[in-house]
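Note sheet for the following structure.
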Amino acid sequence: MLQPPTSRSSAPAPSGGSSLLSKLNAKQREAAMHYTGPLLILAGAGSGKTSTMAYRIGHLISQRKIPAYSILGLSFTRKAATELKERVSRIVTQASGKSANRGLTITTFHSLCVKILRQGAEKLGFQNNFTIIDQNDQIDILKGILKHIKVDDRKFDPATILFEMGQAKNRFLGPEQAREFFLESGRVASDYAIICATAFEHYQDKLRGLNAMDFDDLLYNCVTLLEKHEDVRAACNERFQFILVDEYQDTNPAQFKLLRLLTEKQQNICVVGDDDQSIYSFRGADATHILEFGRHYPGARTITLDQNYRSTTTILDAANEVIAQNRHRHPKRLWSDKGAGEPILQIIVEEDRAEAKAVAEEILRRAQGVSLTGQAEESQEKLKPWKDFAVLYRSNPQSRLFEEALRMCKIPYKIVGSMSFLDRKEVKDVLSYWRLIVNPKDDPSARRILNWPARGLGKTTLDTVNTYALQQGISFFEALGITPGLSTKAQVATQAFCTTIHQLRAQLQNVVVTSQNLADWGRRSLTALGIKDAIYDDNEDDPLAAQRKWENADEMCNALGQINLAELEESESADDNPYMSSNSLPGAPISALLALREFLGKMTLEPEDDRKDDKKEEKNQVTLLTLHGAKGLEYPVVFLVGVEEGFLPHKRTIEEAADFSEERRLTYVGITRAKEQLIITRAKNRIRYGKPVPRTPSRFLLEIPPNLILTQDESLTPDPTSDEKREEHEVKVKNFLADIRAQLLNPKK
Numbered sequence: 001m002l003q004p005p006t007s008r009s010s011a012p013a014p015s016g017g018s019s020l021l022s023k024l025n026a027k028q029r030e031a032a033m034h035y036t037g038p039l040l041i042l043a044g045a046g047s048g049k050t051s052t053m054a055y056r057i058g059h060l061i062s063q064r065k066i067p068a069y070s071i072l073g074l075s076f077t078r079k080a081a082t083e084l085k086e087r088v089s090r091i092v093t094q095a096s097g098k099s100a101n102r103g104l105t106i107t108t109f110h111s112l113c114v115k116i117l118r119q120g121a122e123k124l125g126f127q128n129n130f131t132i133i134d135q136n137d138q139i140d141i142l143k144g145i146l147k148h149i150k151v152d153d154r155k156f157d158p159a160t161i162l163f164e165m166g167q168a169k170n171r172f173l174g175p176e177q178a179r180e181f182f183l184e185s186g187r188v189a190s191d192y193a194i195i196c197a198t199a200f201e202h203y204q205d206k207l208r209g210l211n212a213m214d215f216d217d218l219l220y221n222c223v224t225l226l227e228k229h230e231d232v233r234a235a236c237n238e239r240f241q242f243i244l245v246d247e248y249q250d251t252n253p254a255q256f257k258l259l260r261l262l263t264e265k266q267q268n269i270c271v272v273g274d275d276d277q278s279i280y281s282f283r284g285a286d287a288t289h290i291l292e293f294g295r296h297y298p299g300a301r302t303i304t305l306d307q308n309y310r311s312t313t314t315i316l317d318a319a320n321e322v323i324a325q326n327r328h329r330h331p332k333r334l335w336s337d338k339g340a341g342e343p344i345l346q347i348i349v350e351e352d353r354a355e356a357k358a359v360a361e362e363i364l365r366r367a368q369g370v371s372l373t374g375q376a377e378e379s380q381e382k383l384k385p386w387k388d389f390a391v392l393y394r395s396n397p398q399s400r401l402f403e404e405a406l407r408m409c410k411i412p413y414k415i416v417g418s419m420s421f422l423d424r425k426e427v428k429d430v431l432s433y434w435r436l437i438v439n440p441k442d443d444p445s446a447r448r449i450l451n452w453p454a455r456g457l458g459k460t461t462l463d464t465v466n467t468y469a470l471q472q473g474i475s476f477f478e479a480l481g482i483t484p485g486l487s488t489k490a491q492v493a494t495q496a497f498c499t500t501i502h503q504l505r506a507q508l509q510n511v512v513v514t515s516q517n518l519a520d521w522g523r524r525s526l527t528a529l530g531i532k533d534a535i536y537d538d539n540e541d542d543p544l545a546a547q548r549k550w551e552n553a554d555e556m557c558n559a560l561g562q563i564n565l566a567e568l569e570e571s572e573s574a575d576d577n578p579y580m581s582s583n584s585l586p587g588a589p590i591s592a593l594l595a596l597r598e599f600l601g602k603m604t605l606e607p608e609d610d611r612k613d614d615k616k617e618e619k620n621q622v623t624l625l626t627l628h629g630a631k632g633l634e635y636p637v638v639f640l641v642g643v644e645e646g647f648l649p650h651k652r653t654i655e656e657a658a659d660f661s662e663e664r665r666l667t668y669v670g671i672t673r674a675k676e677q678l679i680i681t682r683a684k685n686r687i688r689y690g691k692p693v694p695r696t697p698s699r700f701l702l703e704i705p706p707n708l709i710l711t712q713d714e715s716l717t718p719d720p721t722s723d724e725k726r727e728e729h730e731v732k733v734k735n736f737l738a739d740i741r742a743q744l745l746n747p748k749k
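If you count the sequence shown from 1, position 420 lands on 420 in our numbering, and the numbers rise without skipping.
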């Protein structure tokens, strides 16, 4: 059995480590060489945190001789996990001349939970082949529950109820504890809270009956398993002697509890994050986890990475001044050796359409060297490709006018967060068939594809089968073919459907697992189900659309064939820990059914990383995205638009007199996305119902030192916050506030 290291972080590293870490700066190197005990790496924006994490893992493996399988790295996206693992592989190979990271686990929180639950789910009343359902399936299930408890889903929005239930689970609250939470949260009215609590209990019972879990269940159930079953907890603690966590500021209470359980017997935990970039409280993220790390892990060491490798000093000075206004934070000030660069450009316009036009014109000038009138304005050597530009906004509705302006100027663009490849009907239908083959209790999938391709089964048949399944306490699929009262035609169709599913499952179980064989089985399943003919029949008036949709469906077969079998086999055979291997028999061959199950899990867990349309990232396009979506990204030229009260900070924050610290952090994130040039835009008026509504500049804009900003006023009226009148404006504001205070103190006067 692997024994945990006993020496503390001060133990000298073996010789040879310094050359391995020669590419790091002094603070990065200090963090990478830390040995045992809790460590907080405060990594400011653009400070090279991924490199530091990769070299830390590489140092543990190649210099400290820690077995790779005893190291766990956790991130929030599969893309980040893959990048980190690839970097570690290169570092270890460079240091030792061979790969020594077999069994290394670098994954997402949800994927880790799936891996543990696949072996321990039966202890919680689930089967180990449980289905992971997506949001569409959740809404489908919840609508059925609301109908059952006689609640109108037009009055009580299912998406809102699901969000509240997710918030409860992320705080590790079950149905019995959640009622008070719903009432006290203040997000919904009391009648909504009562409906949420009632639906929550029914919803969880329904999922158990379906042998299914949603995203939030994965964390909740994994924590429950570890908490209630000491053998599972001990096995995981024995396996993982060193734990690294990326983006620690984004952890929610359930993730925090998971980490506490995994570090019960040793506290070799290294967390990396930046409290100044904590912007996901609406998802349940709790910034106090990183702010109070030293209290949670006594004796913890803190190392601050404050050298920024991304932005100019002008951009960093602006970011530093804005974020310094937040009181509860770890003090840090980013610096760079890139020089001052260009001043921040502030463009002021009269109204919102003019703002969009100004942004499009500025991009056109910087990318093609001409104005909208065709006049040459920029030398060729300074021109930038479209992909160097990003437009960042607070809320999605703001994008509409910018899209219009870019289209008018024939500027290519993409919107991050647009429809996922996996949300397209033909793709969801294929995945639903495959989910049903893996888990016959997956009722949402069975109902979705029962009559596609068309089998002459209408709503009456579906309702009859559904009612019979509920009465008998069996799954929808089990009820097909045995439900009494169906017409002869319906009986024949449902029995044929069941036979096809059983045949495809049997064929899959006989497949010898190779990438080609899995892809071939996928295509055979589409042929057997008549998917191609159905797509062309449904789109007979638009052959091009039919071809595109068929290619989308066929792409899922390609994706199935591209599953990383080596990684899957490696994780199966890394050790004999039954709670960290999907196979209870060490050394057993990977089955095709297991491979399909793992593939479907990845598709559901990390859809943004598996979109066919991700190839658009290679195209030369301007990027439009929200400030939340921009986190972790960088662009040479960034337009931060709508920097006004009501947008940034958001109107809701102002109306609720809430803490502005997270809105300020969001502004900080936006500023620090820019590498070379930051352009801030705002309008003096926004057109609402055909009338101009006056706007005021964001309080965060006023926190940026005036000497860092070059203002370009394109509005029709004088601007009270232009450089020359800024001081006068601030004096007027102070006098106005003083008058208000005086009136409040002495109302009679």
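Don't be surprised by glycine CBs; every beta carbon is placed ideally from N, CA and C.
What you are looking at is a predicted structure, and each value in this text was computed from that prediction instead of being measured.
| task | Identify whether H34 lies in helix, strand or coil by the three-state DSSP scheme. | result | For the purposes of this step, residue 34 is taken as the residue at position 34 of the sequence shown. If DSSP states are grouped into helix, strand and coil, H34 belongs with coil.
| field | Residues near G273 by beta carbon distance below 6 Å, same chain, minus five either side | value | Your numbering for residue 273 matches position 273 in the sequence shown. Within the same chain, G273 has close Cβ partners E247, Y248, Q249 and I290.
| L20: buried (16+ other C-beta within 10 angstroms of its C-beta) or exposed? | Position 20 of the sequence shown, counting from 1, holds the residue named residue 20. Counting of Cβ neighbours within 10 angstroms places L20 among the buried residues, the total reaching 16 or more.
| message | Tell me the residue span of the alpha helix (DSSP H) that contains G561. | response | To locate residue 561, count along the sequence shown from 1; it is residue 561. From DSSP, the alpha helix (DSSP H) with G561 extends over P543 to G561.
| request: Compute the distance between the beta-carbons of L710 and G670, then report whether it is under 8 Å. | output: Position 710 of the sequence shown, counted from the first residue, corresponds to residue 710. Position 670 of the sequence shown, counted from the first residue, corresponds to residue 670. In this structure, the beta-carbon distance from L710 to G670 does not fall below 8 Å.
| task | Classify M213 as buried or exposed, calling it buried when 16 or more other Cβ atoms lie within 10 Å of its own Cβ. | result | In the sequence shown, residue 213 corresponds to position 213, counting from 1. When all chains shown are included, M213 counts as buried.
| field | Cα-Cα separation between Y635 and I449, rounded to whole angstroms | value | By 1-based counting over the sequence shown, the position of residue 635 is 635. By 1-based counting over the sequence shown, the position of residue 449 is 449. Approximately 43 Å between the Cα atoms of the pair.
| request: Using a threshold of 8 Å, state whether the C-beta atoms of E714 and V349 are closer than that. | output: Taking the sequence shown and counting its residues from 1, one reaches residue 714 at position 714. Taking the sequence shown and counting its residues from 1, one reaches residue 349 at position 349. Their beta carbons are under 8 Å apart, which means E714 touches V349 by this criterion.
| Residue burial classification, M53 (beta-carbon count within 10 angstroms, cutoff 16) | Reading the sequence shown from its first residue, position 53 is the one you call residue 53. A buried status is given to M53, since no fewer than 16 other beta-carbon atoms sit within 10 Å of its beta-carbon.
| said: I believe L457 touches A490 by the beta-carbon criterion, under 8 Å. Please report the beta-carbon distance rounded to the nearest angstrom. | reply: Numbered from 1 along the sequence shown, position 457 holds the residue referred to as residue 457. Numbered from 1 along the sequence shown, position 490 holds the residue referred to as residue 490. Indeed they touch by this definition, with Cβ atoms about 6 Å apart.
| What residue does the alpha helix (DSSP H) around K602 start on, and which one ends it? | Taking the first residue of the sequence shown as 1, we reach residue 602 at position 602. Counting along the chain, the unbroken alpha helix (DSSP H) around K602 starts and ends at A592 to L605.
| field | Straight-line Cα distance separating D388 from S47 | value | Counting from 1 along the sequence shown, the entry for residue 47 is found at position 47. Counting from 1 along the sequence shown, the entry for residue 388 is found at position 388. Roughly 21 Å between the two C-alpha positions.
| message | Please tell me whether T288 and K332 are closer than 8 Å, where the distance is taken between their beta carbons. | response | Here residue 288 corresponds to residue number 288 of the sequence shown, with the count starting at 1. Here residue 332 corresponds to residue number 332 of the sequence shown, with the count starting at 1. Taking 8 Å as the Cβ cut-off, T288 and K332 do not qualify as a contacting pair.
| message | At the level of alpha carbons, what is the spacing between L72 and K265? | response | Residue 72 sits at position 72 when you count from the first residue of the sequence shown. Residue 265 sits at position 265 when you count from the first residue of the sequence shown. The straight-line gap from Cα to Cα measures roughly 15 Å.
| task | Measure the beta-carbon distance from N129 to P412 and round it to whole angstroms, keeping in mind my assumption that it falls under 8 Å. | result | As a first step, residue 129 must be located in the sequence shown, where it is residue number 129. As a first step, residue 412 must be located in the sequence shown, where it is residue number 412. Not a contact, Cβ separation roughly 44 Å.
| Considering only the beta carbon of each residue, do C498 and G522 sit closer than 8 Å? | Counting from 1 along the sequence shown, the entry for residue 498 is found at position 498. Counting from 1 along the sequence shown, the entry for residue 522 is found at position 522. Cβ distance not < 8 Å, so C498 and G522 don't count as in contact.
| Can the beta-carbon of G44 be found closer than 8 Å to that of N308? | Here residue 44 corresponds to residue number 44 of the sequence shown, with the count starting at 1. Here residue 308 corresponds to residue number 308 of the sequence shown, with the count starting at 1. A contact, by the Cβ cut-off of 8 Å.
| Going along the chain, which unbroken runs of the beta strand (DSSP E) with 3 or more residues stay wholly within the region 436–483? | Entirely contained in the region 436–483, not one beta strand (DSSP E) run reaches 3 residues.
| query | Would A199 pass as a contact of I149 if the rule is Cβ separation under 8 Å? | reply | By one-based count along the sequence shown, residue 199 stands at place 199. By one-based count along the sequence shown, residue 149 stands at place 149. A contact, by the Cβ cut-off of 8 Å.
| task | Apply the 10 Å Cβ neighbour rule to D137 and answer buried if 16 or more other Cβ atoms are within range, or exposed otherwise. | result | Here residue 137 is taken as the residue at index 137 of the sequence shown, counted from 1. A residue is called buried once 16 or more other Cβ atoms fall within 10 Å of its Cβ, and D137 is buried on that count.
| field | CB contact flag (F126, R208, <8 Å) | value | Position 126 of the sequence shown, counting from 1, holds the residue named residue 126. Position 208 of the sequence shown, counting from 1, holds the residue named residue 208. Cβ distance < 8 Å, so F126 and R208 count as in contact.
| query | Do you know how far the Cα of I415 is from the Cα of T623? | reply | As a working note, residue 623 is residue 623 in the sequence shown. As a working note, residue 415 is residue 415 in the sequence shown. Their Cα atoms are separated by approximately 6 Å.
| query | Hey, L74 and F109 are a contact pair by Cβ (cut 8 Å); roughly how many whole angstroms apart? | reply | As a first step, residue 74 is located in the sequence shown; it is residue number 74 there, counting from the start. As a first step, residue 109 is located in the sequence shown; it is residue number 109 there, counting from the start. Their Cβ separation, rounded to whole angstroms, is 6 Å, which keeps L74 and F109 in contact under 8 Å.
| request: Report yes if the CB atom of I347 is closer than 8 Å to the CB atom of I679, and no otherwise. | output: Within the sequence shown, the letter at position 347 stands for residue 347. Within the sequence shown, the letter at position 679 stands for residue 679. Cβ atoms of I347 and I679: closer than 8 Å.
| Assigned secondary structure, R78 (DSSP; H/G/I helix, E/B strand, else coil) | Stepping through the sequence shown from its first residue, residue 78 is reached at position 78. Three-state result, R78: helix.
| query | Between A31 and K428, what straight-line distance do the alpha-carbon atoms span, to the nearest angstrom? | reply | Reading the sequence shown from its first residue, position 31 is the one you call residue 31. Reading the sequence shown from its first residue, position 428 is the one you call residue 428. Going by the C-alpha atoms only, they are around 44 Å apart.
| said: Can you find the residues in the same chain that come closer than 7 Å, C-beta to C-beta, to A121, ignoring five residues on each side of it along the sequence? | reply: Locating residue 121 in the sequence shown gives position 121, counting from the first residue. Cβ within range, chain order: Q127, N128 and F130.
| Using the C-alpha atoms, what's the distance from D205 back to A178? | Indexing the sequence shown from 1 puts residue 178 at position 178. Indexing the sequence shown from 1 puts residue 205 at position 205. Across the structure, A178 and D205 are spaced so that their CA atoms are roughly 15 Å apart.
| task | Have a look at V322, R400, L42 and K357 and flag the residue whose alpha-carbon is nearest the alpha-carbon of P649. | result | As a first step, residue 649 is located in the sequence shown; it is residue number 649 there, counting from the start. If we check each option's Cα against that of P649, V322 comes out closest.
| said: With the cut-off set at 8 Å, would you say L261 and D306 are in Cβ contact? | reply: Residue mapping note: residue 261 aligns to position 261 of the sequence shown, counting from 1. Residue mapping note: residue 306 aligns to position 306 of the sequence shown, counting from 1. Contact: no.
| task | Give the straight-line distance between the Cα atoms of I139 and Y35, rounded to the nearest whole angstrom. | result | Position 139 of the sequence shown, counting from 1, holds the residue named residue 139. Position 35 of the sequence shown, counting from 1, holds the residue named residue 35. If I take the Cα positions, the gap works out to 47 Å.
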